[in-house]
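Chains as they are written, first to last, in our numbering: chain A, -19 to 499; chain B, 34 to 733.
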C-alpha cells in the first residue's frame, strides 16, 4: 500500500491546485472557483480513499512513507497516519470544500483567495500526517501564512490588526516550541515522533536532557522548560486561557470561509499537537503539572462560556464557544494522563476520555464551522450585520435557515441524537472517573453553553419579526445543498458513532497501552 | 422471547418516523401531517396494549415479569456501550398511558390548532415529543433514558415556544430548557458516576445490570465524601434531574411559564410526557434509591429526601394555586403539587404507590387541560378566570367533563380516581416510620386542592359570563392567527366541535374508572407491579377506613370552604376583588406573587450569572488584552530603544570617525584637483623653497 504514496499525493495536490488557481487571469473568476473547488473535492475523495483503505484492526501507523532528507540533522521525510491522523485528514478534507462553497460570493480576487485556502489545506494535511518534527514544523508554519493573508486581505474592519496579532501570537508559541525541540534534538539526536515516544518511554530522553548542562540549571528544570516551550506552542494554538486573546479578534475579523477553517481545522492543530507530541513525549512532566493543567482546562471551559454570554457579536460568541468546546478536549486529555492503577477498568476510563476527545475534535469541527457558515449567510443578507440584537423573528421569513442553524446550535449544545453529545458524554464519563472534582465543575460549562446558545435562538429567530428584514430571502437551493450534507453528517454521527469510533478506538487503546504500560 | 418484547422499539420509532416525515413535508400538507401523527400514535397504542397484555399473563413465579433486549451501540476501550429496552409492568403501563393520552391530545389538537398557520409543524413536534417520551419509558439503559430525556426537553422547548413571535413564549421555552438542564447536570454526573462504579448502564442484564443486586451491593459498600454511601450520592444526583423535569421545588419555576405554549402542549407536558418523566425516572431507578448500606437499617437517605421534597412541593404549589387567576396557571400549579404527591408516594410507599397516582393524574390532568383548552377556544382565547364565568349553559359537555376532572383532582371520594390514588399515598405516609409530618402536610395539600379547584370551577362555569367585551381577548386571538383574519370573532362562548369534546369524554371515563384498579379492597395495581396475584378482600377496609375518612373530611372541608367563598352568585364583575383577598389581603398578595421565587432568582442567580459573564468579558478586554498589548508595546519600546542606542551610541562614534576621515580626505583631495597650473605652482613653490633651504644651509 505504501507504494501508492497516498499521503504524499494528498498533501501535494492542494498545493498544486493553489498554483493552478492562482495562475488564472482576472476575468476568469468562475473558472478559478470551479477548479479550486474541484481540487478540494478530489482531495476529499483521496481522504475518503485513505479512510476506505485504512485497516482499523491495526494500531500501528499506516501508509507510512519514509525517506532520508537531511541525514546530518536527523531530518527524515516521514509521514503516516493512525486513527487520529486519519480523523483529522478527513475533517480537513470535508471542511475545505465546505469553506470554499461558503466563500463562493467573494468577488475580490477569488483566484488568490481560493489558492490561499488550498495552500492552507496542504499545510493542514501535512501537519496531520508528518511524523518528523522538522518536516512537521514546516507544515505547521506553512499553514499560518495563507491564513495571515486571508485575514489581512479579505477580513473585516480591523483585519490588519487581527492578522498581525494572530500571526505574531502563534509565532511566539511556535518559536518557543522550536527552541524546545532544539534541546530535544541535542539530547536525543532524532526528530522523529515515534522514536522520541519510544525514548521517552525507556527514559533515554530524560537521560539525554540531563546531559545538556545549561546555566547550571537542575535537570528537572530543564526538562520542565522544554516541556513548557512545547506546551506554549500548542496552548496558544488551541487556545487555553490565558493564551487566547488573539482568537476572538481573528475569528471575528476573518472572512466567513476562513473563520470556518480556523475553528474547524486549525484549532485542532493544537489539540492534535497535545495528542501526538506533548503527551507521548512528556508524560512525566505532564503528570507533574497535572493539577495546574487541569485547573487551566476547567477555567478555560467556564471562563469562555461566560465570556461568550457577554458577547453581542454572533461571530465572537461562537468564537468563545469554540474555546469552550476545545476546553472539554483538554479536560479529557489531561484526565487521561492521570496515574491510576493498572486495572482494565482504568484503561477503559482513559479510552473513554480519549475517544471522547477525538470525537469532540471532529464534532466541534463540523458544528462550529457550520455555525460560522450560518452567521456568514446571515451577514451576507443583512449587509454585514451579525449582532445578537440586530435580528429577531427570522423564523417567519427564513424557516429553512433557522431549522438548519438550529440543528447546528443544538449539536453544539450537546443534544443527544446529534454528534456533539457522544463526544461530550465520553469525555465526561472518562474524566469523571479519573478526576471527579474538575469534571463536576466543568459541567457548569454545559449549562452556560445552553444558556448562550438558546439566547441566540431566542434573540435572532424568535420574537416579533424585525420589520427591516421582512424581505430577507430564505436559503437558495445552492445554499441548502451546501449546508444539508453537514447537517446530515451531524445526525449520522449522532446516531451511529461507531462510524468514527471504529477507526479511532484501536489507536487510542494503543496509545494508552504504550504510555501507561498496560499489557 | 415474545415478539412484542422484541419489537418494543417500534412504539417510539413509529411516532419518531412520523415526526421525521412531517419535518420534511411542506407546510400546507395539513391532513397528511395530522393523519401521520395520529395514525402512528394509534398503532403505537395498539402495540403498547399488546405489550401490556403480555405482562398480564398469569405468572408462575413470584418475581416481577421482565423481558429485556440489548444491543451494542458503539465500542470504546475494551468494552461496548449497550443500549436496550425492557418490558416490565412499569414500562408496559406507562407506554399504554402515554400512547393513549397522547393519541387523545393529538385528536383534540386537530380542532384546537385548526386556525394556526404552522399546523403541520405542530404535529411534527408533537410526534417528536411523544416519541422521545416513549423511548425514555421503554429504555433499559440509563443512557437511552437520558437520550429520551433530553429529546423530551428539546421537544418541550420547541412546543412551549411554538408561538415564537410572542417574546414571552420564546422566553418561557428558554426558561424551561435551562431550568431543567440545571437538574440534568446532576443527572449527567450521577450517570457517569454510576457508570464508573458499576461498569454498565443497562438496568437489567441477567444479573449484571446496574439495578441488580450485585451492582447495588458494590455501590452501597463504597463511601464517598462525608461518609455518604456512593449509592446515596448517585441517587441524589439523579434525583436532581427528576426535580428539574418534574418541577419540584426549587426547580419548579419553569412549569407555570410553560403555559405559553398552545393548550394541547400543556396537556401533553402535564399529563403524559415531560413532567411524568421525572417521576418515572425515580420509579425506574427505585432499587438504587432503596439500596441501603448494610450497617444502616430502615429507610435510605435518598428516599427520605425524595419524600420530603415531594411533600414540601405538594403544599407549596397548592398554596400558590389558590391565588392565581389564569385558568392554565392554576392547573400548572396543581400539577406541581400533584407531582409532589407522586414523589411523596414513591418516597414513603414505593413505586406502585407513586406510579398509580401518576397514571390516574395523567388522565384527569389531560382532561382538565383539554377542558381548559376547550374553554379558551370557546371564549375568544380568554384565559383569565375573572373574565370567564357562567359557561355551564354554553358548554355543557366541557362543563360535565371538567367537573369530573376537577373532582378527580380534588379527590372526591369513591367515584373518582384521584381519591383512591391519593388515599393510597396518605395511607403510606401515615405509616411512614420516619415522621408523621408528611402525612399532615399531605392532608393540608388535599384540603387546598379541593379549595382551589372549587374556586376555579366557580369562577369559570358559575355565575354569569363576564367576558366578551374586551380588546385584549381579541388581540390574543389576533396574535395567534395573525395570518388568517378569516374567522370572525364570536360574541358568545360556544361549545367546541366533536373532535375536541370526544377526547374529553374518553378521558373523563378514564378519570372515573381508573381508580378502581387500586382500591384497598382490590389492590390489583400494586400486586401487578410487585408480581403478586391479586384478590378481593373486604377485610382490608377495616384497616384503611380511618385514613379514608380523615382525607374525605379534609376534601369536603376544602370543597365547602371554596363554595362558601366563591359559590353561588358571589362573583359578579370581572374587576371585583377576590373574596379571599378581602379576607386575608397580606397572605393573598404573597401567594399571588408565587412566594416571590422568580423575583428571588432574578436577584440572585440570574444577576450573578450576568455579573460573571460581564466580569469575564471585562477581564478579557481589559486584563488579558492589556497584558498582550503591554507585551506588544514592550517589544516596540525595546526595538525603539535599540534603534536609539544604535543611532546615538554605536553609530555615533563610528559616524564621527567616518566624518573625520572624510574631512581629511576632502582636504587631501582638494589638493589633487587635476589643474596643471596649480601643480606647476606647487612645483615652483617647492623648488623655490628647496633652493632657499639649501642656500640657507650654505651647503653649496
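Ideal Cβ positions, reconstructed from N, Cα and C, are used throughout, including at glycine.
query	result
C-alpha gap between residue 516 of chain B and residue 138 of chain B, whole angstroms	The pLDDT assigned to residue 516 of chain B is 41, lower than 50, so where the model puts this residue is not dependable, and the model offers no usable value.
Span of the alpha helix (DSSP H), counted from its first residue to its last, around residue 15 of chain A	9 to 33
Beta-carbon proximity check, residue 435 of chain B vs residue 404 of chain B, cutoff 7 Å	yes
Nearest neighbour of residue 368 of chain B, chosen from B:442, B:559, B:692 [CA to CA]	B:442
Three-way DSSP call (helix, strand, coil) for residue 632 of chain B in this model	helix
Alpha helix (DSSP H) runs contained entirely in the region 136 to 212 of chain A, provided each spans 4 or more residues	139 to 168, 173 to 181, 184 to 191
Cutoff 6 Å; reference residue 27 of chain A; Cβ partners in own chain excluding five residues on either side	69, 70, 73
Residue environment, residue 35 of chain A, which counts as buried when at least 16 other CB atoms sit within 10 Å	exposed
Any chain A beta carbon closer than 7 Å to residue 110 of chain B	yes
Of the listed residues B:410, B:105, B:261, B:97, nearest to residue 148 of chain B (C-alpha basis)	B:410
Given 8 Å, three or more beta-carbon pairs between the region 1 to 12 of chain A and the region 83 to 100 of chain A	yes
Exposed unless 16 or more other CB atoms sit within 10 angstroms - verdict on residue 116 of chain A	buried
Burial state of residue 711 of chain B, where buried means 16 or more other Cβ atoms lie within 10 Å	exposed
Whether residue 203 of chain A touches residue 261 of chain A by CB criterion (7 Å)	no
Per-residue contacts from residue 658 of chain B into chain A (C-beta, under 8 Å)	225
Beta carbon of residue 312 of chain A nearer than 7 Å to that of residue 436 of chain A	no
Neighbour flag for residue 41 of chain A against chain B, beta carbons, 7 Å	no
Beta carbon proximity, residue 48 of chain B to chain A, threshold 7 Å	no
Counted within 10 angstroms of its Cβ, other Cβ atoms place residue 663 of chain B as buried (16 or more) or exposed	exposed
Any chain A beta carbon closer than 7 Å to residue 661 of chain B	yes
Opposing strand residues paired with residue 101 of chain B [DSSP bridges]	B:119
Selection of the region 395 to 410 of chain A by Cβ proximity to chain B, strictly under 7 Å	395, 396, 397, 406, 408, 409
Cross-chain neighbours of residue 203 of chain B in chain A, by beta carbon under 7 Å	438, 442, 443
Residue-chain proximity (residue 19 of chain B, chain A), Cβ-Cβ < 7 Å	Because residue 19 of chain B is not part of the residues shown, which for chain B are 34 to 733, the question remains open.
Contact the region 352 to 361 of chain A vs the region 421 to 429 of chain A: 3+ CB pairs below 8 Å	no
Buried or exposed by the 16-neighbour rule on C-beta atoms within 10 Å, applied to residue 714 of chain B	exposed
Helix, strand or coil at residue 45 of chain A according to DSSP, with G and I counted as helix	strand
Residues of the region 304 to 330 of chain A with Cβ closer than 9 Å to any Cβ of chain B, in chain order	324, 325, 327, 328, 329, 330
Min CB distance residue 214 of chain B to chain A below 7 Å	yes
Uninterrupted alpha helix (DSSP H) stretches inside the region 538 to 616 of chain B (no shorter than 4 residues)	557 to 563, 573 to 599, 612 to 616
Contacting residues, own chain, Cβ-Cβ under 6 Å from residue 315 of chain A (five flanking each side not counted)	333, 411, 414, 415
Proximity of residue 173 of chain B and residue 85 of chain B at Cβ, strictly below 7 Å	no
Contact between the region 331 to 351 of chain B and the region 297 to 309 of chain B (3+ Cβ pairs under 8 Å)	no
Where residue 290 of chain A meets chain B, residues with beta-carbon distance less than 7 Å	646, 647, 649, 650
Test: residue 200 of chain B CB closer than 7 Å to a CB of chain A	yes
Residue burial classification, residue 666 of chain B (beta-carbon count within 10 angstroms, cutoff 16)	exposed
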